[in-house]
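Residues in the sequence shown are numbered from 1 upward in steps of one, following UniProt numbering.
Comments concern the structure below.
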Amino acid sequence: MEKTDRFTREWFLHQKGDWVRNLSNIPEFDIGKLKYYLTENRNKTFDKEGMRAYKSLKAYKFFEEGYVQKISSLQIDNSFLVRAEVMASMAQRVYKPYVCLSLKGDVRGGSCDCVAGKGEACSHIAALLFALDDFIAKGLKDLPEDRSSTDKLCQWNKPAKRKTEPKTIHSIRIVKQEPGKVLKGRETLASLKYDPRQQVHQVKDEESARQLIEVLGGANPTCGFMKYNKPVPNIPVDTASSLHTQEIVYTAKHFLDFDLPASIFDIKSACMFFKDSLNLDPNGIAELEMRTRGQSSSQEWHNARKYRLTASDFHKVFVRRSTTEPSKLLKYFLYNKIKPTNAMLFGLRQEKHAIEKFKSKLEAEGVCEVIVEQKGLTVDSHYTFLGASVDGIALINGEKFVLELKNPASTWDMDISSAAKKLTCLKVNENNELCLNIKHSYYTQIQGQMGILNISKCYFVLCTKNDIHIEKVTFDKHFWGKVLCKLTQFYDNFMLPEIVYPSVKFGLPAIDISKF
Numbered sequence: 001m002e003k004t005d006r007f008t009r010e011w012f013l014h015q016k017g018d019w020v021r022n023l024s025n026i027p028e029f030d031i032g033k034l035k036y037y038l039t040e041n042r043n044k045t046f047d048k049e050g051m052r053a054y055k056s057l058k059a060y061k062f063f064e065e066g067y068v069q070k071i072s073s074l075q076i077d078n079s080f081l082v083r084a085e086v087m088a089s090m091a092q093r094v095y096k097p098y099v100c101l102s103l104k105g106d107v108r109g110g111s112c113d114c115v116a117g118k119g120e121a122c123s124h125i126a127a128l129l130f131a132l133d134d135f136i137a138k139g140l141k142d143l144p145e146d147r148s149s150t151d152k153l154c155q156w157n158k159p160a161k162r163k164t165e166p167k168t169i170h171s172i173r174i175v176k177q178e179p180g181k182v183l184k185g186r187e188t189l190a191s192l193k194y195d196p197r198q199q200v201h202q203v204k205d206e207e208s209a210r211q212l213i214e215v216l217g218g219a220n221p222t223c224g225f226m227k228y229n230k231p232v233p234n235i236p237v238d239t240a241s242s243l244h245t246q247e248i249v250y251t252a253k254h255f256l257d258f259d260l261p262a263s264i265f266d267i268k269s270a271c272m273f274f275k276d277s278l279n280l281d282p283n284g285i286a287e288l289e290m291r292t293r294g295q296s297s298s299q300e301w302h303n304a305r306k307y308r309l310t311a312s313d314f315h316k317v318f319v320r321r322s323t324t325e326p327s328k329l330l331k332y333f334l335y336n337k338i339k340p341t342n343a344m345l346f347g348l349r350q351e352k353h354a355i356e357k358f359k360s361k362l363e364a365e366g367v368c369e370v371i372v373e374q375k376g377l378t379v380d381s382h383y384t385f386l387g388a389s390v391d392g393i394a395l396i397n398g399e400k401f402v403l404e405l406k407n408p409a410s411t412w413d414m415d416i417s418s419a420a421k422k423l424t425c426l427k428v429n430e431n432n433e434l435c436l437n438i439k440h441s442y443y444t445q446i447q448g449q450m451g452i453l454n455i456s457k458c459y460f461v462l463c464t465k466n467d468i469h470i471e472k473v474t475f476d477k478h479f480w481g482k483v484l485c486k487l488t489q490f491y492d493n494f495m496l497p498e499i500v501y502p503s504v505k506f507g508l509p510a511i512d513i514s515k516f
């Protein structure tokens, strides 16, 4: 082996021989020689950053966390070379440090492909040296053959995970790693039951908290502290029906009294509590439907819909991709105060006219009698976070039909065939007949209405000033099952957390509770 003053990466790469995954012939090397090389040896370049890395034990952390992998060796003349791969701490890349030991175990030099490694010492080289010291100190002779081995030897230098999931502060192990220090398992704040507060402050003074909330609420009701600290009123709970007559039940803030910061458990518990508060028995469902028959003219109708998903919006959730950020939808459902447009108001004004045209058309076709009943908000008996407000229920020869009316202002002066060319809700089928487009939001809305009201048929009616399109739509159980699945996932994973612990409201990313 030729003498050299510098151990460059090129020098290591040009050494001839077969690298083997074996350290059985490694010279005697210990922590003293490691420290001497990194902090006292003047025959190499070692900048202040490298010195700090050693003293802060960043290099030891690389080894202790399993970042040093694929160790192999090569013996040439009077030197013993070792190389490895060290995963970077903050990036998805791998560095390749080399070290050269004399046969007495002294570190002659090293190199790494990181920037600091050109000076023969960096945290990755130091991490490799820590691994060698630990290997010798444990009396090991052979390296594990691969990472998948399940024997005891493979427990040495267990590989670190490249992808880590977020955790709460109580679940994170906070410890200073030191060579030779034996850690007591995976100690966390939760396992230690650590509370940084003085003992006298560990019990909440409800009266003091109430006074603080009142003072801050009066001075600045929108301050950050008030976001998660709301006084909880005493709400008499007699029956599910009576509970839902009060607007107070639809306001999420009344279900919260979090200590800061709220844990995932707190948020999940609040989600369950709030979702349970929407439950209604059959009598409660019927009573709510009767009290909301004024629909948009009824304040109770607005209150009952506030934290529910309703049929007219089902399609927005159904067509949302799993990769699409839900913040825009959450803002639409929870925070946008939607004012009726001119087109919406026009459609409402024409409803009575459309019903009369519908009845006249069927009676002209031989139907003896058509009765249309007005309906309010109907809540699903099993999924009470879902609701539907139909335009009516048609009773025809003793059979019930959902009635859905559309009176588009943009095509009011056209006949149906001309309107169909402009409206995407209608298409021409294989029989050259006009029919409802099953990919349109109206189709999803109608299927949702039939599913919630448990009625298997619907009349879809689209009117113009002098023309009418009437189509019978049957319930598609399979399609509704797919819609219901996406509605439930969206409500449970995104909408409930936003209701009880707002984040999108304050410009933050939406919480996906399914990740915790």
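Glycine included, every Cβ here is placed at the ideal spot set by N, Cα and C.
This one's a predicted model, so the numbers in the text were calculated from it and none came from an experiment.
Cβ distance (whole Å) where residue i is taken to contact residue j below 8 Å
i      : j      : result
Phe29  : Gly109 : 14 Å between Cβ atoms; not a contact.
Ile393 : Leu403 : 6 Å
Asn22  : Leu143 : 6 Å
Asn437 : Lys427 : 5 Å
Lys465 : Trp412 : 5 Å
Arg308 : Gly224 : Arg308 to Gly224, Cβ: 29 Å. No contact.
Val504 : Ala270 : About 16 Å; that fails the 8 Å criterion.
Phe358 : Ile468 : 7 Å
Leu288 : Val372 : In fact, because the Cβ distance is near 21 Å, the residues do not count as touching under 8 Å.
Asn78  : Ser102 : 7 Å
Phe62  : Ser123 : 6 Å
Lys33  : Gly105 : 6 Å
Pro282 : Ser381 : 7 Å
Leu128 : Val107 : Contact flag wrong, Cβ pair sits at about 10 Å.
Gln202 : Ala311 : About 49 Å; that fails the 8 Å criterion.
For residue i, the three-state DSSP class (helix, strand or coil)
i      : result
Glu287 : helix
Glu365 : coil
Leu508 : coil
Tyr459 : strand
Ile338 : coil
Arg108 : strand
Asp276 : helix
Gln211 : helix
Leu74  : strand
Asp134 : helix
Lys22  : Position check: residue 22 holds Asn in this sequence, whereas Lys was assumed. Asn22: strand per DSSP, three-state reduction.
Asp113 : coil
Tyr67  : coil
Asp266 : helix
Lys515 : helix
Thr239 : Confidence is the limiting factor: at Thr239 the pLDDT is only 38, short of 50, which leaves the residue's position unreliable and the question unanswerable from this model.
Endpoints, alpha helix (DSSP H) assigned at residue i
i      : result
Cys485 : 477-490
Lys472 : That residue, Lys472, is in no alpha helix (DSSP H); its beta strand (DSSP E) goes 468-474.
Ile31  : 31-39
Val99  : Per DSSP, Val99 belongs to no alpha helix (DSSP H); it is in the beta strand (DSSP E), 98-102.
Trp11  : 9-13
Pro497 : 496-500
Where the beta strand (DSSP E) containing residue i begins and where it ends
i      : result
Ala84  : 79-87
Ile371 : 370-373
Val200 : Premise fails: Val200 is in no beta strand (DSSP E) and is neither H nor E.
Ranges of the beta strand (DSSP E) found wholly within the region 378-451, counting only runs of at least 3: 386-389, 392-396, 399-406, 426-428, 434-436
contact_flag[the region 460-467, the region 403-416] where n(CB pairs < 8 Å) is 3 or more: yes
Say whether the region 58-71 touches the region 86-106, bearing in mind that this needs 3 or more beta-carbon pairs closer than 8 Å, one atom from each stretch. yes
Could you check whether the region 262-275 touches the region 347-358, counting it as contact only if at least three pairs of C-beta atoms, one from each stretch, sit closer than 8 Å? no
Across the region 493-507 and the region 316-331, are there enough close Cβ pairs to call them in contact, namely three or more that are closer than 8 Å? Segments in contact, yes.
Which ranges would you report for the alpha helix (DSSP H) in the region 291-334 if only whole runs of at least 4 residues count? 299-305, 314-318, 327-334
Quick test of the definition: if touching needs 3 or more C-beta pairs under 8 Å, does the region 413-420 touch the region 475-491? Contact between the region 413-420 and the region 475-491 is absent, because fewer than three Cβ pairs lie under 8 Å.
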